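Report on one structure; see the data block that follows.
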Amino acid sequence: MITHSLLNKTKTVTGFNRFSRFILLGNNIDGFVNIRHEEFVNWEDFTNRFPEIYRNIRFAGEWSLNIYQVPDNYKIKYQYGYFMVPKKGKMIADIGYM
52 MITHSLLNKT KTVTGFNRFS RFILLGNNID GFVNIRHEEF VNWEDFTNRF PEIYRNIRFA
112 GEWSLNIYQV PDNYKIKYQY GYFMVPKKGK MIADIGYM
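For the sequence shown, counting from 1, position 53 maps to 104 in our numbering; every step adds exactly one.
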């Protein structure tokens with residue numbers, strides 16, 4: 052379960068396998084975010100490392116930070132020439148501006 056709170060809005064996400072691999076993808080849509088691609092071996096690894104990543108995030112303009120549950124042999128593809136998504140995977144959460 053993810054509970055994310057920003058500007059008095061709370062989002063809780065459930066329905067994923069906590070033993071599978073997770074990735075965090077940062078996309079610069081019309082701005083900047085200093086995270087591009089982070090990989091986590093399981094949910095415990097994600098919950099241990101994500102708070103530090105979130106504290107050090109730098110962004111400006113329009114950006115997106117997506118958490119995906121992916122298989123072990125995932126590949127990254129680009130939509131619209133710049134937006135990174137896994138070929139196979141389930142989006143767990145989307146944090147971003149616009």
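Even glycine gets a Cβ: it sits at the ideal position worked out from N, Cα and C. Only a predicted model underlies this, so the values are computations on that prediction, with no experimental measurement involved.
Endpoints, the alpha helix (DSSP H) within which P102 is located | Segment W94 to R106, the alpha helix (DSSP H) holding P102.
Backbone secondary structure at K141 - three-state DSSP | strand
Kindly indicate which three-state DSSP category F91 falls into: helix, strand or coil?
-> strand
Quick one: what does DSSP say N124 is sitting in, helix, strand or coil?
-> coil
Sheet register partners of N79 (DSSP bridge) = W114
Leaving out five residues before and five after S71 in sequence, what residues of the same chain have Cβ atoms less than 6 Å from its Cβ?
-> Excluding sequence neighbours, S71 sits near Q120.
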